[in-house]
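**Q** Here the protein sequences come in this chain order: A and B. For the first sequence, the residue numbers in our numbering are 168 to 414. For the second sequence, the residue numbers in our numbering are 168 to 414. Using N, Cα and C, we set each Cβ at its ideal position, and we do this for glycine too. This one's a predicted model, so the numbers in the text were calculated from it and none came from an experiment. Once you've had a glance at the structure underneath, I'll fire off some questions.
Number of protein chains: 2
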Amino acid sequence: MTSSVQRKRVRKSPDDRRAEIVGAAAEVALTEGLECITLRRIAEQLDVRPGLISHYFPAVEDLVAEAFGSAATAELETLLPVGPRDGSPQEHLARFFARTTGPAYDDMSRLWLNARHLSRYRPVLRDRVLDQEKDWRGRLSGVIATGVERGEFRTEDPVLAAVRILVVIDGLAGHANTGLGNHPATVTRLAAATAERELGLPDGALATPAATGEPGTATTLAPPAAEPAAPAVEPEAPATEPDAEPS
Amino acid sequence: MTSSVQRKRVRKSPDDRRAEIVGAAAEVALTEGLECITLRRIAEQLDVRPGLISHYFPAVEDLVAEAFGSAATAELETLLPVGPRDGSPQEHLARFFARTTGPAYDDMSRLWLNARHLSRYRPVLRDRVLDQEKDWRGRLSGVIATGVERGEFRTEDPVLAAVRILVVIDGLAGHANTGLGNHPATVTRLAAATAERELGLPDGALATPAATGEPGTATTLAPPAAEPAAPAVEPEAPATEPDAEPS
DNA sequence: GATGCTATTGAGTGTGCGACCAATAAGCAA
DNA sequence: TTGCTTATTGGTCGCACACTCAATAGCATC
Numbered sequence: 168m169t170s171s172v173q174r175k176r177v178r179k180s181p182d183d184r185r186a187e188i189v190g191a192a193a194e195v196a197l198t199e200g201l202e203c204i205t206l207r208r209i210a211e212q213l214d215v216r217p218g219l220i221s222h223y224f225p226a227v228e229d230l231v232a233e234a235f236g237s238a239a240t241a242e243l244e245t246l247l248p249v250g251p252r253d254g255s256p257q258e259h260l261a262r263f264f265a266r267t268t269g270p271a272y273d274d275m276s277r278l279w280l281n282a283r284h285l286s287r288y289r290p291v292l293r294d295r296v297l298d299q300e301k302d303w304r305g306r307l308s309g310v311i312a313t314g315v316e317r318g319e320f321r322t323e324d325p326v327l328a329a330v331r332i333l334v335v336i337d338g339l340a341g342h343a344n345t346g347l348g349n350h351p352a353t354v355t356r357l358a359a360a361t362a363e364r365e366l367g368l369p370d371g372a373l374a375t376p377a378a379t380g381e382p383g384t385a386t387t388l389a390p391p392a393a394e395p396a397a398p399a400v401e402p403e404a405p406a407t408e409p410d411a412e413p414s
Numbered sequence: 168m169t170s171s172v173q174r175k176r177v178r179k180s181p182d183d184r185r186a187e188i189v190g191a192a193a194e195v196a197l198t199e200g201l202e203c204i205t206l207r208r209i210a211e212q213l214d215v216r217p218g219l220i221s222h223y224f225p226a227v228e229d230l231v232a233e234a235f236g237s238a239a240t241a242e243l244e245t246l247l248p249v250g251p252r253d254g255s256p257q258e259h260l261a262r263f264f265a266r267t268t269g270p271a272y273d274d275m276s277r278l279w280l281n282a283r284h285l286s287r288y289r290p291v292l293r294d295r296v297l298d299q300e301k302d303w304r305g306r307l308s309g310v311i312a313t314g315v316e317r318g319e320f321r322t323e324d325p326v327l328a329a330v331r332i333l334v335v336i337d338g339l340a341g342h343a344n345t346g347l348g349n350h351p352a353t354v355t356r357l358a359a360a361t362a363e364r365e366l367g368l369p370d371g372a373l374a375t376p377a378a379t380g381e382p383g384t385a386t387t388l389a390p391p392a393a394e395p396a397a398p399a400v401e402p403e404a405p406a407t408e409p410d411a412e413p414s
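If you want it as structure tokens, here you go:
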């Protein structure tokens, strides 16, 4: 009896529900930030009650780490797919830079920044960040090593080269996120340019299709050489929502 | 009457008090993070009541921005002093890299990371971050421009070179803060190496005193040389406290 | 030594957070 | 259909936060 209507319940298998929760949290993390992963916010997203989230993740910190791991893993998968390499390592890297310096990567770079900062206070997240760094480094150095084997690249230490490349990308990300828009191509060019230097490639070898203007005048002082062959992969534009204030 | 002892009050001039508050907030920002700048925390630091902080900063967000600006300005001042240049631009840059890639810069790089992330949610801080970026960029490009005038450096666009250098430094900072310690010298070398390339300098020209091994062989494919000796410019060790959980 | 200005306090408001738990209903198995 | 397991709910607790404001006391001035 009584007027209080009982809420309709949808009962799902723990595995499904758990995956659903992590998915929602990853989405919130990408669009609004890791701090916005709260019991109430995720519950609202899934149209369930906060208690349910607590049931699956007794400590929210674990959900935060899981959400970051999920998002980062997914991004790495589209960034450097491990499966059938349909192109040369050089083409792979060119696509890699095209995406990481493009708008499609904005959310992800914000998330990396977010995770790096937050991992200062949250040990579980911190470990996840270290894991992801390892994965990204491993995947990238793998591509590089393959390139070296094929004689496309020349470097003594693929891992070191990978780390340096990732460092530059993160640096660009940090700056891009603060400014209103992205950096001009002359700045983002730094990423590919670093890679070219690390891998013994000619200037412009890893240039983004769009930036194919006058290669050689741009980079530094070098009057270069090779024309950048156009690798044909343009990243899709991600749907982004306005941010929310977490405090 | 009554047993409740009244708290002893120390009355100071608004200017002094305000400066004191900003100073305390800057210290907390550097050691514990911008999120730890709360009315209670800063009040405790100064042994006053929270209400007093509110009195000087009706919106905490303003204090946060002020604290960041204060800390960043101070750091820039020791990093690239504007006054009497006692050395050549090249020496200036070498010291710049020695410090930015050393342990004395740890707190500051964490703070930059912190501020960049937090500025996503706090407009006032965001503006401050942009201001500081402008200052740092201007100061660094100034040194570079001087070097160009003197024929020490060679670059088409000092500002572009400055931005690229700062991007690399921030990238290193982000990675260093996540990992347990700092990166090995082979990675941090990336910063000076980028600058050398941007400025048309020979490899190793900006190397840290310690890393001054075999200039010219080091940068990319070559095995790095010297073991770290005692650097001439040794930064003071900052007193660091264990972190607190801001939420 | 008295007076007035104001820097500082103490007490309180409302909000959002994670965490906890007994009660409840969904849906599978008998 | 009946019963049982358990996924899900609703409600509550305590804490930390920013912010407000009348009351109070330090101190310069007279």
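1) Which residue comes first and which comes last in the alpha helix (DSSP H) that contains B:G250?
2) What does the alpha-carbon distance come out to for the pair B:H284 and B:E316?
3) Once you ignore the five residues that flank A:R331 on each side, which residues in its own chain have a CB closer than 7 Å to its CB?
4) Quick one: which chain A residues come within Cβ less than 7 Å of B:T353?
5) To the nearest angstrom, report how far apart A:L230 and B:A192 are at their CA atoms.
6) Thinking C-alpha only, which one of B:L339, B:I311, B:V334 and B:R185 is nearest B:L368?
7) With a cut-off of 8 Å, does the C-beta of B:G314 fall near any C-beta of chain A?
8) Compare the beta carbon distance of B:V195 and B:I188 with 8 Å and say whether it is the shorter of the two.
9) Do three or more CB pairs link the stretch 263-270 of chain B to the stretch 321-331 of chain B at distances below 8 Å?
10) Can you list the alpha helix (DSSP H) stretches of 4 or more residues lying completely in the stretch 265-331 of chain A, in chain order?
11) Of all the options A:R295, A:A210, A:S276 and A:R306, which has the alpha carbon lying nearest to the alpha carbon of A:L260?
12) Check whether the stretch 279-299 of chain A touches the stretch 271-291 of chain B, counting contact only when three or more Cβ pairs, one atom from each stretch, lie closer than 8 Å.
13) At which residues does the alpha helix (DSSP H) containing B:A359 begin and terminate?
14) For chain A, is any of its Cβ atoms less than 8 Å away from the one on B:D158?
15) Residues in its own chain within less than 8 Å of A:R178 by CB, not counting five upstream and five downstream?
16) Given a cut-off of 8 Å on the beta-carbon distance, is the pair A:Q257 and A:G314 in contact?
17) Can you name the residues of chain A whose CB is closer than 7 Å to the CB of B:V195?
18) Note down the Cα distance separating B:T384 from B:D370, rounded to an integer number of angstroms.
19) Using a C-beta cutoff of 8 Å, does B:G236 count as contacting chain A?
20) Say whether chain A places a C-beta atom closer than 8 Å to the C-beta of B:D337.
21) Does A:V334 get closer than 8 Å to chain B when you measure Cβ to Cβ?
22) Report buried or exposed for A:V249, applying the criterion of at least 16 other Cβ atoms within 10 angstroms of its Cβ.
23) Which bits of chain B does A:H284 rub up against, with CB to CB less than 7 Å?
24) Are the CB atoms of B:A226 and B:L292 nearer to each other than 8 Å?
25) Work out the CA separation of B:R277 and A:Q299 for me, nearest whole Å.
26) Starting from B:V421, trace the alpha helix (DSSP H) in both directions and tell me its first and last residue.
27) Looking at B:G338: is its Cβ nearer than 8 Å to the Cβ of A:V334?
28) From the DSSP output, in three-state form, read off B:F224 for me.
29) If I'm right that A:L197 touches A:D274 with Cβ under 8 Å, what's the distance once you round it to whole angstroms?
30) Residues in its own chain within less than 8 Å of A:R304 by CB, not counting five upstream and five downstream?
31) Would you mind working out which of B:D294, B:A210, B:Y223 and B:R216 sits nearest B:S180, comparing C-alpha positions?
32) Taking the alpha-carbon positions, what's the B:P217 to B:A238 distance?
33) Output, in chain order, the set of chain A residues within a Cβ distance shorter than 7 Å of B:R331.
34) Pull up the distance between the alpha-carbon of A:E319 and that of A:A358, whole angstroms please.
35) Give me, in chain order, the residues of the same chain whose beta-carbon lies closer than 7 Å to that of A:E242; leave out the 5 immediate sequence neighbours on both sides.
36) On the three-state DSSP scale, how would you describe B:V177?
**A** Result, derived from the coordinates:
1) From DSSP, B:G250 is part of no alpha helix (DSSP H); its letter is neither H nor E.
2) Between the alpha carbons of B:H284 and B:E316 lies a distance of about 37 Å.
3) Its chain contains T361 and E365 as the residues whose beta carbon lies nearer than 7 Å to that of A:R331, once the 5 sequence neighbours on both sides are disregarded; these appear in chain order.
4) Neighbours of B:T353 on chain A, chain order: L327.
5) Approximately 31 Å between the Cα atoms of the pair.
6) Taking only the C-alpha atoms, the option nearest B:L368 is B:I311.
7) Chain A, which has no Cβ nearer than 8 Å to the Cβ of B:G314, makes this no.
8) Taking 8 Å as the Cβ cut-off, B:V195 and B:I188 do not qualify as a contacting pair.
9) Verdict: no, contact absent.
10) Taken in chain order, the unbroken stretches of alpha helix (DSSP H) that lie wholly in the stretch 265-331 of chain A and span 4 residues or more are 273-285 and 290-316.
11) Closest by C-alpha distance to A:L260, out of A:R295, A:A210, A:S276 and A:R306, is A:R306.
12) Verdict: yes, contact present.
13) Element bounds for B:A359: A352 to E365.
14) The requested residue 158 of chain B does not occur in the structure, where chain B is confined to residues 168 to 414.
15) So no residue of the chain qualifies.
16) Their beta carbons are under 8 Å apart, which means A:Q257 touches A:G314 by this criterion.
17) What B:V195 touches in chain A: nothing, since even the nearest Cβ is about 14 Å away.
18) Note that B:T384 scores 35 on pLDDT, short of 50, meaning its location in the model is unreliable; the coordinates nonetheless yield the value given after this. One C-alpha to the other measures close to 7 Å.
19) Judged by the 8 Å Cβ criterion, B:G236 is not in contact with chain A.
20) Yes, because at least one Cβ of chain A sits closer than 8 Å to the Cβ of B:D337.
21) For A:V334, the answer is yes, since a Cβ of chain B falls inside 8 Å of its Cβ.
22) Around the CB of A:V249, fewer than 16 other CB atoms lie within 10 Å, so the residue is classed as exposed.
23) For a Cβ distance threshold of 7 Å, residue set L280, N281 and H284 of chain B lies close to A:H284, ordered along the chain.
24) Against a cut-off of 8 Å, the Cβ pair of B:L292 and B:A226 comes out as no contact.
25) Cα to Cα, A:Q299 sits roughly 20 Å from B:R277.
26) Since the first residue of chain B shown is 168 and the last is 414, residue 421 of chain B is not available in this structure.
27) The beta carbons of B:G338 and A:V334 sit closer together than 8 Å.
28) B:F224: coil per DSSP, three-state reduction.
29) Right, their Cβ atoms sit about 5 Å apart.
30) Counting only Cβ-Cβ distances below 8 Å, and skipping sequence neighbours, we find V326, A329, V330 and L333.
31) The alpha carbon of B:S180 has as its nearest neighbour, out of B:D294, B:A210, B:Y223 and B:R216, the alpha carbon of B:Y223.
32) Going by the C-alpha atoms only, they are around 22 Å apart.
33) Simply V354 and L357.
34) Note on geometry: alpha-carbon atoms of A:E319 and A:A358 lie some 18 Å from one another.
35) Answer for A:E242: M275, listed in chain order.
36) DSSP places B:V177 in coil when its eight states are reduced to three.
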